[in-house]
Structures are given as C-alpha cells and as structure tokens.
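Student:
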Amino acid sequence: MKRLIGCVVALVCVFAWMLPARAEAATPSTNSALERVGACIAGGGEGDLQLLIDTSGSLAQTDPTDARVAAAKYLMGQLSTFVSTNNARIDVAIAGFAAQFEQQMNWTQLTSGSLPGIDAKLDTFSHQNSGQDTDYWNALTGARKSLEAQGATSGAHCPMVVLITDGEYSIQPRDTLSAAQVKQQGDPKPYAPNQKLNTVAQANAAVADGIKDLCRPTGLADQLRSDNITTVAIGLSSFQKPDFSLLQGISTGTTGTPCGSLTKPAPGAFFKADNIDDLFFAFDQFAAPGEAPIAQTAGVCTKTACPQGAHTFVVDSSIGRVHALADSTVSGAQVQLRAPSGKVLDLQMGSSAQHGTLASANITWRWVSPRTISVDLQPTNNAQWTGQWALTFIAQTSGSRGRACICSVISCPCGPTRRV
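Residue numbers -25 to -1, 1 to 395, in mature numbering (1 follows the signal peptide of the UniProt record, and there is no 0), belong to the letters of the sequence shown in order.
Written out as structure tokens, the structure is:
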C-alpha cells in the first residue's frame, strides 16, 4: 500500500504475460518513470500530457478500425476518473504528426465536463491517415516546445509525452510531389537543411541525420530528459512488423537502439501493441499515475463459473473504489462478478456503459472490445462490501480453452483537498 494524493492505493494487476498478444513494458525499469509522474502529481504538481498521434498514410492498412482512437479515448476517460477521485489536475493537448507536428487541441484541463470535447477531437483522427512521413524528430520537437510553453505557467508541472505510431522513423521521397505539396511537408527538414529529398537515398540520408540529432549526447532525446519530460511510446505492431528499436531507445534509454546519454533515472516507457486489447492494457497501466503492475494469469471457465478461473480481490471498509480492466483469449466469453455474500452479477455485453448494483455496491461496466471489459465498483454499504470479490470469464462453448487477465486499482476514499 502506498500514499497517492491523499489515498492509500494498492495496485493488484493480475496480468497475463503468457498470453500471445499483450502489451508489454520494455523493461522492469519502465514503472519507475511512471511512478515519477505519480510522485510529482502527489507532491502537488499539475500533470501536463501532450498526446502525439501518428497520421501517416500507412494507418489506413495497419489500423483500419481506428484502435488508436478508441484506446486514446479510453485513456482520457480513466485519467478523468483519476483526476476527480484524487482531486488532482491534468491538462491535455493533442497533436497529430506525420511530416510535421500539428497541434490540434490546445492545452485543456481534463475534467468530466471537458471530456466530451476531448473525445470529439480524438474522433477526428479516424480520418487522418494520409500523411507522407513518420518524423520522430519533428513530432518530439513540437511536443517539447508545447510542454515548455505550458510549463512556463504558474505552479509546479509534471510533463509527459504519449506518442502513438504504427511505424519506424521514415521520410518519403518527394519526386512525385508538386512544389506546393512539397511546401506542405515543411521541407527542408530542420535537422537536414541542405539535404534534398527527391530520391529514396536522399530521404534515407535525411532520416539518418534526424536520428543522429535525436540520439547524440545533448541531442533531442537528452533535452527531453533534462526537461524532466517522461516519454511514453506506443508501437502499433501489424502484419508489417515494424522495427521499433529506435522508439524503444528514445523512450526507455536502456533498450533498443542506444539513444542519448541521460538514461538514469528511467526516462519513460515503451509498449508494443499487436491489437486493440493490447492498447487498452498499455494505457491502463499509466491511467493511474504512480502505480506499478504485478503480473499473474488464470484460466477461462466453460459454461459455469469455476475456482481456477476466478480473479479474486479483497476489500474492506477503508476501500472506496475498485477499477478493473480485464480480458481473455476467448471472444464473446461471459463475465461474472461475485460479491462476498456469494451473489453474482452477469456483466452483459453492450456497446455503451452499463450500470447495476451488487451487494449494495454501484457497478459500472463497459465492453471496450469483444474480449476486453472495464469495470468500476463503488460501495454504498460497507457491511456488504467488505470481503473477497471475484471476477470470472466463462466461455459459452464446450471445449473452449483460454486464459484471462485483470488489472485492478483498489483505492481508499479521498478527502476534499489534495494532501501530500
């Protein structure tokens, strides 16, 4: 148990690392970077989150269902809950990037009231998938300048970049573009001002210049780190299997391609996501800043609940909320929530948030994909709330075999003001 903004918070993450598809942190040191953000907010700082979303043309093939948008909206929803529960403050800005950095939503305080507008802005990225390049240097330079300006406002700040991309650092040759189209790309590249981009060889040479400036000592990666900006990168893997080693090096400092010299403390985190469910779990790991996951896995029951498929957690009267994100390898499995009294609630599938009560607790759940469910529990009667709860996946077809996992944040009630 640890103190986080006036609450004792225990994170029990029953996290199935053995599943074939799961977003994994690049190294154990990943959590220390996220914990640093949480400690900053716990100390009274304002969280500043610059979201960077790839808008390159390849996304039409690699993310045709717009998983990046759904997952980003999920992250904003969870952070909004974190803010209201802990009386914290997080400001968000949203940018797209391909050849250039383009701020599309200026700094906005994240609240339940501002969330619909933020979600609406994220929805516009569903149609943004025609960019020429995947320019890490321009994206991160724009993010750094944005966070620098935000940090100049009064008060202590806890800056963070979250970058979502489906590809490697790349520049497309300009040989087929008109002069007007070339100008739209912002050429020449600021890190390669004398480099033409007409051929593949010239474009690759410019990429090499960008990587050199990113990763040299005192280069862009080190500048982000010296500014105390935590960098979280999400690599959207696909049938093309992009090489994310440079992205790993930029974000973690210790894995992938060596990048920069300021590698301690851990500068950030990298997650690779093979599908939308991976994205939800990657985002859920830092939707409550400062908490580190514990890994475990369990089975999926067949037709009826079974002990080996139960994910259990124990609460008492000091616990004021439980949030869980859970999924299984079996699509369409039923999920059952069991209270300490033995009463159960079937968490039926649906396209929107659903509500129910169990053991005098208010239950809200939403299926964010056919395999992944988000569940929130809040007590109204401590006598029925206290004890062991269980969440179980139940396959509806005989012979179905699979694994399931759950990440849960268990928190005590928070006072009306922020405490250290």
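Backbone N, C-alpha and C define an ideal beta-carbon position, used for all residues, glycine too.
All of these numbers come straight from a predicted model, not from anything done at the bench.
Based on DSSP bridge pairs, tell me the residues matched to P163.
Tutor: The partner list for P163 (beta bridge, DSSP) is empty, contrary to what the question assumes.
Student: Output needed for T86: all residues of its chain with C-beta closer than 8 Å, excluding positions within five of it in sequence on either side, in chain order.
Tutor: S55, V58, S59
Student: So what does DSSP say about Q223, is it helix, strand or coil?
Tutor: helix
Student: Could you pull the start and end residues of the alpha helix (DSSP H) that I146 belongs to?
Tutor: It is not in any alpha helix (DSSP H) - I146 carries neither H nor E in the DSSP assignment.
Student: Go to Q359, then tell me how far its alpha helix (DSSP H) extends in each direction, as first and last residue.
Tutor: 357 to 360
Student: Excluding the 5 residues flanking N113 on each side, which residues of the same chain have their C-beta closer than 6 Å to its C-beta?
Tutor: Exclusion of the five residues before and after N113 leaves Q75, F76 as the residues of its chain whose Cβ lies within less than 6 Å of its Cβ.
Student: Let me make sure I understand the geometry here. Which of A314, V157, V182 has the alpha-carbon closest to that of I146?
Tutor: I146 has its Cα closest to that of V182, out of A314, V157, V182.
Student: Quick check on the DSSP output: the beta strand (DSSP E) that includes F246 runs from which residue to which?
Tutor: 243 to 248
Student: Does DSSP put D351 in a helix, a strand or coil?
Tutor: In the three-state DSSP reduction, D351 falls in the strand class (E or B).
Student: In the DSSP assignment, the alpha helix (DSSP H) including T37 goes from what residue to what residue?
Tutor: 34 to 37
Student: Could you check where the beta strand (DSSP E) with D66 kicks off and where it finishes?
Tutor: 65 to 72
Student: If you compare alpha carbons, which of F368, Q215, T128 is closest to A280?
Tutor: F368
Student: Is it true that the CB of S306 sits closer than 8 Å to the CB of residue 427?
Tutor: What is shown of the chain runs -25 to 395, which leaves residue 427 out entirely.
Student: Compute the beta-carbon to beta-carbon distance between S31 and A73, rounded to the nearest angstrom, for a pair I have assumed lies under 8 Å.
Tutor: 5 Å
Student: Does the Cβ of S316 have 16 or more other Cβ atoms within 10 Å, making it buried, or fewer, making it exposed?
Tutor: exposed
Student: Give the DSSP bridge partners of L138, in chain order.
Tutor: L27, A208
Student: Residues bridged to I369 by DSSP?
Tutor: C276, Q309
Student: Assuming the contact rule is C-beta atoms closer than 8 Å, M80 and I69 should be a hit. Round their C-beta distance to whole Å, please.
Tutor: 4 Å
Student: Of the residues A14, G19, Q36, Y49, which one's Cα is nearest the Cα of A328?
Tutor: Y49
Student: Should A1 go down as buried or exposed, given a rule of 16 or more other Cβ atoms within 10 Å for buried?
Tutor: Bear in mind that the predicted position of A1 carries a pLDDT of just 40, short of 50, making it unreliable; the figure below should be weighed with that in mind. So A1 counts as buried.
Student: Hey, out of Q160, L211, K120, whose CA is closest to Q36's CA?
Tutor: The residue from Q160, L211, K120 with its alpha-carbon nearest to that of Q36 is L211.
Student: L221 and V297 - do their beta-carbons sit closer together than 8 Å?
Tutor: no
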